[in-house]
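In our numbering, the protein residues as written are 80 to 187.
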């Protein structure tokens with residue numbers, strides 16, 4: 080009986096953790112969507128002014144800053160850097176597409 084009670088308690092605690100994880104996942108998705116709305120505007124601005132889609136100096140600054148934030152938050156800095164690199168690659172891809180379509184619209 081005690082074992083059944085322990086298992087039921089564990090399931091209740093697990094459900095609470097999972098609900099929190101689900102909420103955090105939803106917040107991450109919304110934050111990423113907002114970030115990409117901003118980076119799209121940056122891409123348009125860059126394309127309109129002939130600026131390159133990538134900015135290696137800015138990217139390095141961001142890596143350094145986020146690695147320190149990760150350390151301060153007790154998160155693996157290597158993981159944070161990999162995550163940022165993934166996001167930045169996607170942003171650059173979007174900026175390249177915006178630049179290409181901007182060039183096409185200027186030509187036409």
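All residues carry an ideal CB built from backbone N, CA and C; glycine is no exception.
Computed from a predicted structure; not experimentally measured.
Helix, strand or coil at residue i according to DSSP, with G and I counted as helix
i, result
"residue 86", "helix"
"residue 132", "coil"
"residue 101", "helix"
"residue 152", "coil"
Cβ distance (whole Å) where residue i is taken to contact residue j below 8 Å
i, j, result
"residue 171", "residue 136", "That belief does not hold up - the Cβ atoms of residue 171 and residue 136 are roughly 14 Å apart, past 8 Å."
"residue 139", "residue 163", "Actually they do not touch by this definition, with Cβ atoms about 11 Å apart."
"residue 173", "residue 118", "7 Å"
Cutoff 8 Å; reference residue i; Cβ partners in own chain excluding five residues on either side
i, result
"residue 130", "124"
"residue 82", "none"
Separation of residue j from residue i, as counted between CA atoms
i, j, result
"residue 84", "residue 100", "24 Å"
"residue 182", "residue 111", "27 Å"
"residue 158", "residue 126", "31 Å"
"residue 148", "residue 122", "26 Å"
"residue 106", "residue 113", "11 Å"
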